[in-house]
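S.K.: Protein chains in written order, with my numbering: chain F, 1 to 507; chain E, 1001 to 1049. Don't be surprised by glycine CBs; every beta carbon is placed ideally from N, CA and C. There's a structure below that I have some questions on.
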């Protein structure tokens, strides 16, 4: 066991405070808009905190550190792209500003506004499927991190992660977005302090000159130049630009923060400043991974990179970073870092639980009821449907998440499962907002061809992630254009102001 | 290779500094934002009930 009593006290204190504060959120819930988009009352600073906390988790630290370990400084290209794209979207308001004006609660809701209820249903199913599969690997990898750093016996992994998931579920189910935002604020502060602490410790402990030397000796130029690295290159960079534009605009958990802001202008400010955080979100954990390579990279070569060896045991590259933290951090600091990582874990998981369950309830269950001719649910009824969907997603994750192991680098697995719906959704949203000629046929083709373009090449033809990504976005765009050109355009059913009065539940 | 080393070093410094600076500002001003949000949510809820 690597933990002292002081470390346990810090971690336990954090968990108690987080749960208590999260449960407070319940008393602010009066309607569905409160539950899903916090009554659209997010200001700039709390908006930045909740968006950053939502998209920075232990899983983020793990996959970015793995990328750093495997590809050296070249991996920084992915972080740079994610941050810069976010800043560009924030400065221009591209997509997010118009979506915010529509007062939506979920991304698929836009598909009913612009296209049809049927397409909203199809999109809802694809978004929920891709999102839950994406989130499916979180628990196991987060659990690995916690057991390695804290030294808890691996046989308790399932029990530990179940307890954490239950705590997250408790406040998310009851308090919805309000509880998530309150806890996100505390979690953001803690995880940021932990990130800064670990970065300073890593460079101080390993030495900057040693880090540079190790990458030079092990990888040569491809360790620094992403264009010279066979895993990256121009195709990777273009795919990443497309992917990050789609993630920052159409990823349900990010979009929900934009929908929750006070105004379109606030959403632009939140996106711009969080873009700067995203630079560090990627690069700092990648640096930890490179530091772990410097310390432990002495094992047998795997694809040109030495596997980590810790105390005579060969690990996988993704476990090198937590092994480094276990040995590097002293008592007290380790407790703060673990509390920070737990905060990161809980903020991401609670936001994702809410995000995907919102799609299941708002875009699958409720429209299906309407199609079947059932009467609309009361406000209380809708909140309960959301809570039950939340519970369902949580239970699914508990079983799938703890047993499934993703193939290859986790970052790329997450990218591909996201692309299943992101390619089509991004193309449809951009087309729907900026091209008058689009129609529902084009929308269906884009969603289905985008999903097929991600699933078939990656899972059945075993193409590389870069080519798969290109195929998905290319097919989705082709589907939208061809489908839209062979039929009449779908008339603009509603402008933003009429939309509000036309759908009273979209408060 | 040297060019890339410098480029990534400068990028890392900018990323780390902006991460720390924004964290400090958000920590200090986010709490007021949060209180304002909760106050307005209660007002919304009262208006509706």
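For the stretch 462-469 of chain F and the stretch 230-246 of chain F, state whether three or more C-beta atom pairs, one from each stretch, are separated by less than 8 Å.
M.R.: Taking 8 Å as the limit for Cβ pairs, the verdict is that the stretch 230-246 of chain F does touch the stretch 462-469 of chain F.
S.K.: Select from F:347, F:353, F:385, F:379 the residue whose C-alpha is nearest the C-alpha of residue 365 (chain F).
M.R.: Nearest C-alpha to residue 365 (chain F): F:385.
S.K.: So, is the C-beta of residue 283 (chain F) closer than 7 Å to a C-beta in chain E?
M.R.: Yes, its Cβ sits closer than 7 Å to a Cβ of chain E.
S.K.: Considering only residues of the same chain and omitting the five flanking positions on each side of residue 472 (chain F), which have a CB-CB separation below 7 Å?
M.R.: 419, 423, 450, 453, 454, listed in sequence order.
S.K.: So if I threshold CB-CB distances at 7 Å, which residues from the stretch 28-42 of chain F count as touching chain E?
M.R.: Those residues of the stretch 28-42 of chain F that come within reach of chain E (Cβ to Cβ, closer than 7 Å) are 28, 30, 31, 34, 38, 39, 41, 42.
S.K.: Is there a Cβ from chain E that is less than 7 Å from the Cβ of residue 190 (chain F)?
M.R.: Cβ-Cβ to chain E under 7 Å: no for residue 190 (chain F).
S.K.: Might you give, ordered along the chain, the residues of its own chain that have their beta carbon closer than 7 Å to the beta carbon of residue 47 (chain F), omitting 5 neighbours on each side?
M.R.: So the list reads 257, 261, 266, 270, once near-sequence residues are dropped.
S.K.: Compare the C-beta of residue 1004 (chain E) with all C-beta atoms of chain F and state if any pair is closer than 7 Å.
M.R.: Judged by the 7 Å Cβ criterion, residue 1004 (chain E) is in contact with chain F.
S.K.: Which residues share a DSSP beta bridge with residue 414 (chain F)?
M.R.: Bridge partners of residue 414 (chain F): none, in fact.
S.K.: By Cβ distance, which residues of its chain are closer than 7 Å to residue 97 (chain F), with the 5 residues on each side in sequence left out?
M.R.: So the qualifying residues of the chain are 264, 267, 268.
S.K.: Please list, in chain order, the chain E residues whose beta carbon lies closer than 7 Å to that of residue 199 (chain F).
M.R.: The answer, in chain order, is 1016.
S.K.: What three-state label does DSSP hand residue 367 (chain F) in the structure shown?
M.R.: Reduced to three states, the DSSP call for residue 367 (chain F) is helix.
S.K.: Check whether the stretch 314-330 of chain F and the stretch 171-187 of chain F touch, using three or more Cβ-Cβ pairs below 8 Å as the test.
M.R.: No, they do not touch.
S.K.: How long is the line joining the alpha carbons of residue 284 (chain F) and residue 219 (chain F), rounded to whole angstroms?
M.R.: Their backbone Cα atoms lie some 20 Å apart in a straight line.
S.K.: Starting from the C-beta of residue 226 (chain F), find all residues in its chain whose C-beta is less than 6 Å away, skip the five residues before and the five after it, and write them out in chain order.
M.R.: Closer than 6 Å at the Cβ level, and outside the excluded window around residue 226 (chain F), lie 74, 77, 232.
S.K.: Quick check: what's the CA-CA separation for residue 273 (chain F) versus residue 343 (chain F)?
M.R.: Each residue's alpha carbon lies about 21 Å from the other.
S.K.: May I have the straight-line CA-CA distance separating residue 107 (chain F) from residue 169 (chain F), to the nearest angstrom?
M.R.: Cα to Cα, the separation comes out at about 23 Å.
S.K.: Would you mind giving the Cβ-Cβ distance between residue 123 (chain F) and residue 363 (chain F), rounded to the nearest angstrom? I have them listed as a contact below 8 Å.
M.R.: With a Cβ gap of about 7 Å, residue 123 (chain F) and residue 363 (chain F) count as contacting.
S.K.: Please state whether the Cβ-Cβ distance between residue 64 (chain F) and residue 286 (chain F) is less than 7 Å.
M.R.: Against a cut-off of 7 Å, the Cβ pair of residue 286 (chain F) and residue 64 (chain F) comes out as a contact.
S.K.: So is residue 225 (chain F) in contact with chain E if we call contact Cβ pairs under 7 Å?
M.R.: It does; some Cβ of chain E falls within 7 Å.
S.K.: With a threshold of 7 Å between beta carbons, is residue 1035 (chain E) in contact with chain F?
M.R.: By this cut-off, residue 1035 (chain E) is not an interface position.
S.K.: So, for residue 90 (chain F): in the same chain, excluding its five sequence neighbours on each side, which residues have a beta-carbon less than 6 Å away from its beta-carbon?
M.R.: Counting only Cβ-Cβ distances below 6 Å, and skipping sequence neighbours, we find 268, 271, 272, 275.
S.K.: Could you compute how far the alpha carbon of residue 230 (chain F) sits from the alpha carbon of residue 304 (chain F)?
M.R.: About 12 Å.
S.K.: Looking only at DSSP bridge pairs, what is residue 308 (chain F) linked to?
M.R.: Residue 308 (chain F) pairs with F:297.
S.K.: For residue 125 (chain F), tell me which candidate among F:411, F:383, F:358, F:401 has the shortest Cα-Cα distance.
M.R.: When each option's Cα is compared against that of residue 125 (chain F), the closest is F:358.
S.K.: Taking C-beta pairs closer than 8 Å, name the residues in chain E that residue 195 (chain F) reaches, listed in chain order.
M.R.: Going along chain E in sequence order, the residues near residue 195 (chain F) (Cβ under 8 Å) are 1019.
S.K.: Between residue 318 (chain F) and residue 57 (chain F), what straight-line distance do the alpha-carbon atoms span, to the nearest angstrom?
M.R.: Those two C-alpha atoms are separated by around 15 Å.
S.K.: For residue 1010 (chain E), return the contacting residues in chain F, with the cut-off set at a CB-CB distance below 8 Å.
M.R.: Within 8 Å Cβ-Cβ: nothing; residue 1010 (chain E) doesn't reach chain F, min ~11 Å.
S.K.: How is residue 183 (chain F) classed by DSSP in three states: helix, strand or coil?
M.R.: Note: residue 183 (chain F) maps to helix in three-state DSSP.
S.K.: Is there a Cβ of chain F sitting closer than 7 Å to that of residue 1045 (chain E), yes or no?
M.R.: Answer yes: the Cβ-Cβ gap between residue 1045 (chain E) and chain F drops below 7 Å somewhere.
S.K.: Residue 313 (chain F) bridges to which residues according to DSSP?
M.R.: Note: residue 313 (chain F) sits in a beta bridge opposite F:310.
S.K.: Please name the residues in the stretch 258-282 of chain F whose beta-carbon is closer than 7 Å to at least one beta-carbon of chain E, in chain order.
M.R.: From the stretch 258-282 of chain F, only 273, 276, 277, 279, 280 have a Cβ closer than 7 Å to chain E.
S.K.: Taking just the CA atoms, how far does residue 130 (chain F) sit from residue 299 (chain F)?
M.R.: Each residue's alpha carbon lies about 36 Å from the other.
S.K.: Just how far apart, CA to CA, sit residue 25 (chain F) and residue 14 (chain F)?
M.R.: Straight-line Cα distance between these residues: approximately 17 Å.
S.K.: Taking CB distances under 7 Å as the criterion, tell me whether residue 1013 (chain E) reaches chain F.
M.R.: Not one chain F Cβ lies under 7 Å of residue 1013 (chain E).
S.K.: Quick one: Cα of residue 400 (chain F) to Cα of residue 137 (chain F), how far?
M.R.: Answer to the nearest angstrom: the Cα atoms are 8 Å apart.
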